[in-house]
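What follows is a set of notes on a single structure, which appears directly below.
Residue numbers (my numbering): 1062 to 1122.
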């Protein structure tokens, strides 16, 4: 795997993480409140974990 492909993967992870964490933050601080936004935080963290895990698996190949 080329270094440019690895950099692209890390940039993609960063951009996706920024978007979904910002979305979860805005839901939690808005009308939903923290406790009604909490399930969404769990989903976001799980999806981010899966994204990082799969990306690292691809990079190691």
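Every residue gets a Cβ at the ideal spot worked out from N, C-alpha and C, and that includes glycine.
With distances taken between CB atoms, is the gap from residue 1095 to residue 1087 smaller than 7 Å? no
In this structure, how does DSSP classify residue 1109 when only helix, strand and coil are distinguished? helix
On the DSSP letters alone, give me the boundaries of the alpha helix (DSSP H) that residue 1091 sits inside. Element bounds for residue 1091: n/a, residue is neither H nor E.
Assuming residue 1112 and residue 1074 form a contact by the criterion Cβ under 8 Å, report the distance between their Cβ atoms to the nearest whole angstrom. 6 Å
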